[in-house]
Structure formats: structure tokens, C-alpha cells
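So the structure is just underneath, and the comments pick up after that.
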Amino acid sequence: MRVNDKFEVLIEGMDKDGKGFCHIDKTIVFIEGALTNEKCTIEITNVISNCAFAKVINYIDYSKSRIVPDCPYYNLCGGCDMQHMTYDLEKEIKENKVKNALKFIAKESNPKVKPIIFADEIWHYRNKAIIPFGVKNGKIVCGMYQKKSHEIIDFTSCLIEPKILSSILEDIKKFLTENNITIYDELTNNGIFRAIMLRKTSREELMLVFVLTKFTNLKELVDLLIKKYNINSIYININDKKTNVVLGDKDILVSGKDTIKETILNHDFMVSPKTFLQINHRQTEKLYTKAIEMLNPSKDDYVIDAYCGMGSITLSIAPFVKEVYGIEIVEEAIKDANNNKKINNINNANFICGKCEDIIMDLINKKPFSAIVFDPPRKGCEKSFLDVIKKSKIRKIVYISCNIATCARDILHLSDTYKLVEAVPVDLFPRSLHIETICTLIRKD
Ligand SMILES: C[S@@+](CC[C@H](N)C(=O)[O-])C[C@H]1O[C@@H](n2cnc3c(N)ncnc32)[C@H](O)[C@@H]1O
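Written out as C-alpha cells, the structure is:
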């Protein structure tokens, strides 16, 4: 098999990344965009030792699950991956992704994976949009980056971002054009205006952040936007570094309140420009509710919430337990967590700033902890952290993960001491490949 060879094939199934696959002379071939049971002509684009990649050049039979993407930019944009299939098929692929990771990475022969907790609303679910600006053919453009590139696709409306974004972007573009504000050029590192970030809470509060390379008076634009959209908080963030990271270190409040309010499971949280919040509010409430159900806490329990961010899970657990301890590496997030504890009148939550792997040993010797919740970043937990848990008396682990591959790796590492009971996928990111999962593990002895 060689690059540019063409074959007529039947797609046998789909892999964890939503690619179709088939076998040609015992070689597995992965085909972007192809769905199970589709008949198509493919062209090989790359061959490596034990597999090959191909693109579809012609569909002969379509799958019943294929649909026309709702977004006109879908084929270019890197934001969504699943718009060419029904949501039913997307759910099935996500459930299989969790099952397969637990089977093949965690080495669980028959993992119990419950049906996915799906989203009732698959559009406009994101509560945070980050939109880069650029210049194309002398015109200001803004939108999402093209798949695997730094080219901006010029658009103002996106089906998964807040609806109000579209009109705000139009106004900003118009203002920048009329007032000759220079747009940042990432190649030369010149220009002022880099990007915007918009946050919208379920209480309909809005925060807008202009990311600029240096402080610039945007008063006229700020006044216009405040008046037209009732924006509660506007910041200028200064980022003068040559970097892909959008936000710089310095946030300057230029209008309105310094934070906006979010309510999760009846607790209020103050959100500032850099606060970590799960991006799908409705599904987050379902995620936390399910995680607490799986934790099955009692009023005598001491519980740890590792990787606690600004304390949203910690404070959600607090009413059900004797005491809960949140651990988080980011100092600012711990400040927010303590503030959130105060405004919610919660007295049995405690927050510790530091790395979980550094804090855990001292902490588990302080109280008779019965359970721990993990919600680590995509890279999962440090082995040294898991090793301390293994030597503890903690009976139950509730592992919340946005990356089932690293979660399964950690479950394998824990498997001599903890038994996987069940896994529940929760769809926090409809139309994308990402899936959140909650796993419960029980101590074997
Ligand atoms: C996926 S977020 C979870 C936040 C929170 N549980 C929530 O639902 O909003 C992961 C958090 O872990 C923190 N973090 C990353 N590495 C850490 C470490 N080694 N020790 C403690 N916290 C860490 C990050 O700063 C981030 O707030």
C-alpha cells in the first residue's frame, strides 16, 4: 500500500477520535470523516509501520447517521468534530471511547459503563468564548482557528458559543476598523488588539475582556457595549508576549464589577477573568449531582476534594459531610474558594494551596478521611500522589476526568488496591470529541 493508492472500502467501525476505519490486506486504515457502514472510495495519505491514513474522495453509500452539519464553517474550523453525525451516534462513540479506554488502558476485562448523561441542549452551551483577531487582505477578521493551523476563519457567529457573541463581535470589528486600532500580528509581534474573551453565566451576567499588547483607551467602545448589551464587567488584559497563551498576567478593570456571579447547585461563585469554570453550566450541575450520588456521603464523613479549583465541587459536597478539604495549586483559585465559602456561609470546608502530591501525606494523617474526589487536569494525577492514596485508609475514590486515557492509566496504577466499580460518561462538550467521565473505585481490603 502506497500514498495516493485508491481503494473502494466498507467502513467497519470508528475509533476513539471519531475516525472511520477499515482493513486492507490486514493493515488498519483510518479515514477522517467516514462513518460505520459507509461505502466509499478512499485515497491513502500516509502509511506508517502498522497502519495507514486516508481521505474519502467519493461516498458510494452514506450511513443513516450522517447529517448535514449545521455550521457552515464546520469543515474548516477546529472547534467541533461531530457535526456530520447524529447526536445519537456521537453519544455511542463517546460511550465506546470510555469503555475501550477502561478495557485496553486500565485492563478492566468487563468495565461497567453506565449510559452517557447526555446534553438536552447541544447548541450555545459554552459559557466562555475566546476569539482571536487578525488581518486578512487588509480587513480585520476574527473567529476560530482553522483545524491544525493558526489561520483565522472569519466569522462572527458560532453554534456552540453564547448567542450574544455574534453581535458583540460585529460591533467590536466595526469600532476597530473605524478607529484604526492596530491588530496584533503574531509573526512580527506588532500591533495592539489580540483577542477578546466573553464569559456568560447562567444568571445572564456578562464579562468581556479585551486582550491587548498595551493599555489603550477604548472608552468609547466600552460605553457603547455596556449600553447596548448590559455587560456587567469589562477588563483590559495586557499580553505583550510572543506566545499562544491568550491571557497575559495583568487584568485591568475598566468598567462595572470586578467579578460576575454564577450559581451551581444553589451555591454562588464569584467569577473573575481567570477563574476556572466548567464550560457547560447545565451539564456541570448534572456532573456534580451524579458525582455526589456516587460518593454517597454521610454526615460523619471527612472527604478530600483534590484539584478543587475555586471550590465548586468542595462546596457542593460540604452540606452532606462532616468536613471537606479542597487542595489546589493556584493561589488565586484558593483565594476565590475561601471567598466563595464565606458568601455561601459554609463552615465545614477548608482549602489548602499547593500541589496535591506535596500536600496529601500530611493531610491524610490529620483526619480519618473516608473518601476522596479527584478532578485533575488532562494529564491526570502524579504517581506519587496515587501511591500515598494507596497507603491510606481512604475507602472510596470518585475520579472525575476530562481525559479518559489518563484516567484509565491512573486506575490501572491504583488497581492493586482499588477496584473499579462503575464509570459514568457525562457529555459536557456536545459536538466535540471530548467527554467527561466519573469513575468510582472502592478499596479492595
Ligand atoms: C479540571 S480543573 C478542576 C477544577 C474544579 N474541580 C472544578 O470543577 O471547577 C483541575 C484543577 O487542578 C489544578 N491543578 C493542576 N495541577 C495540580 C496539582 N498538581 N495539585 C493541585 N492542583 C492542581 C488546576 O489549577 C485546576 O484548577
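The working numbering puts the first residue of the sequence shown at 20, with every later residue one more than the last.
For glycine and all other residues, C-beta sits at the position ideal for the given N, C-alpha and C.
Classify residue 206: buried if its beta carbon has 16 or more other beta carbons within 10 angstroms, exposed otherwise. Classification for residue 206: exposed.
So who's on the other strand from residue 164, going by DSSP bridges? DSSP lists 171 as partners of residue 164.
Assuming residue 143 and residue 181 make a contact with CB atoms under 8 angstroms, what is their CB distance in whole Å? Correct: roughly 6 angstroms between the Cβ atoms.
Identify the continuous alpha helix (DSSP H) that holds residue 189 and give its terminal residues. Residue range 184-197 is occupied by the alpha helix (DSSP H) that includes residue 189.
Between residue 100 and ligand 1, is there a pair consisting of the residue's CB and a ligand heavy atom that are separated by less than 7 angstroms? For residue 100, the CB stays at least 7 angstroms from every heavy atom of ligand 1.
Count Cβ pairs between the stretch 93-110 and the stretch 67-80 that sit closer than 8 angstroms; are there 3 or more? In short, these stretches do not touch, since the Cβ pair count stays below three.
Go to residue 26, then tell me how far its alpha helix (DSSP H) extends in each direction, as first and last residue. Judged by DSSP secondary structure, residue 26 falls outside any alpha helix (DSSP H) and instead within the beta strand (DSSP E) spanning 25-29.
In this structure, how does DSSP classify residue 131 when only helix, strand and coil are distinguished? Residue state, collapsed to three classes: coil.
Where the beta strand (DSSP E) through residue 287 begins and ends: Residue 287 -> beta strand (DSSP E) spans 286-290.
Leaving out five residues on either side along the sequence, give the residues of the same chain with a beta carbon under 6 angstroms from the beta carbon of residue 319. Once the five neighbours on either side are set aside, the close Cβ partners of residue 319 are 341.
Nearest to residue 403 by CA position, among 446, 378, 82, 167, is which residue? With distances taken between CA atoms, residue 403 lies nearest to 378 out of 446, 378, 82, 167.
Who are the Cβ neighbours of residue 383 in its own chain at under 6 angstroms, not counting the five residues just before and after it? So the qualifying residues of the chain are 411.
If the criterion is Cβ atoms closer than 8 angstroms, does the pair residue 419 and residue 446 meet it? No, Cβ-Cβ distance for residue 419 and residue 446 is not below 8 angstroms.
Bounding residues of the alpha helix (DSSP H) (the contiguous stretch that carries residue 117): In the DSSP assignment, residue 117 falls within the alpha helix (DSSP H) that extends over 106-123.
Less than 7 angstroms between the CB of residue 374 and some heavy atom of ligand 1, yes or no? Under cutoff, so the answer is yes.
Closer than 7 angstroms: residue 339 CB and nearest ligand 1 heavy atom: Not so, every heavy atom of ligand 1 lies at least 7 angstroms from the Cβ.
Using a threshold of 7 angstroms, is the CB atom of residue 465 nearer than that to any non-hydrogen atom of ligand 1? It is not possible to answer for residue 465, since the shown part of the chain is limited to 20 through 464.
Throw me the rounded Cβ distance for the residue 333 and residue 390 pair, which I believe falls under 8 angstroms. In fact, because the Cβ distance is near 13 angstroms, the residues do not count as touching under 8 angstroms.
Could you tell me the alpha carbon to alpha carbon distance between residue 11 and residue 189, rounded to whole angstroms? Absent from the structure is residue 11, since the part of the chain shown begins at 20 and ends at 464.
Hey, is residue 349 close to ligand 1, as in C-beta under 7 angstroms from one of its heavy atoms? For ligand 1, at least one heavy atom lies less than 7 angstroms from the Cβ of residue 349.
To the nearest angstrom, how far is it from the Cα of residue 130 to the Cα of residue 298? The alpha-carbon atoms of residue 130 and residue 298 are separated by roughly 28 angstroms.
Quick check: the Cα distance between residue 306 and residue 40, rounded to an integer number of angstroms? The alpha-carbon atoms of residue 306 and residue 40 are separated by roughly 32 angstroms.
Go ahead and pull the three-state DSSP assignment for residue 359. Looking at residue 359 - three-state DSSP - the assignment turns out to be helix.
Is any heavy atom in ligand 1 found nearer than 7 angstroms to the beta carbon of residue 331? The answer is yes for residue 331.
Go through the stretch 248-333 residue by residue and report every complete run of the alpha helix (DSSP H) that reaches 4 residues or more, in order. Listed in chain order, they are 300-314.
Any non-hydrogen atom of ligand 1 within 7 angstroms of residue 91 CB: Every heavy atom of ligand 1 is 7 angstroms or more from the Cβ of residue 91, so no.
Can residue 257 and residue 231 be called in contact, C-beta distance under 8 angstroms? Their beta carbons are under 8 angstroms apart, which means residue 257 touches residue 231 by this criterion.
What are the start and end residues of the alpha helix (DSSP H) that includes residue 376? It spans 375-383 - the alpha helix (DSSP H) in which residue 376 sits, taken as one unbroken run.
Helix, strand or coil for residue 353 per DSSP? Helix.
On a CA-only basis, which of 192, 136, 450 is nearest residue 244? Give me that one, please. Distance check between residue 244 and each of 192, 136, 450 places 192 closest, using alpha-carbon atoms only.
From the DSSP secondary-structure annotation, give me the bridge partner or partners of residue 41. DSSP output for residue 41 lists 48 as bridge partner(s).
Is residue 468 helix, strand or coil when you go by DSSP? A question about residue 468 goes unanswered here, because the residues of the chain that appear run from 20 up to 464.
What number of angstroms, rounded off, separates the C-alpha of residue 372 from the C-alpha of residue 348? The alpha-carbon atoms of residue 372 and residue 348 are separated by roughly 5 angstroms.
Pick out whichever of 173, 237, 354, 225 has its Cα sitting closest to the Cα of residue 201. For residue 201, the nearest C-alpha among the options comes from 237.
At a cut-off of 7 angstroms, would you count residue 302 as near ligand 1, judging by its Cβ distance to the nearest heavy atom? Residue 302 Cβ: outside cutoff for every heavy atom of ligand 1.
Inspect the CB distances between the stretch 109-120 and the stretch 437-453 and report whether three or more fall short of 8 angstroms. Remark: three or more beta-carbon pairs, one from each stretch, lie closer than 8 angstroms, so the stretch 109-120 and the stretch 437-453 are flagged as touching.
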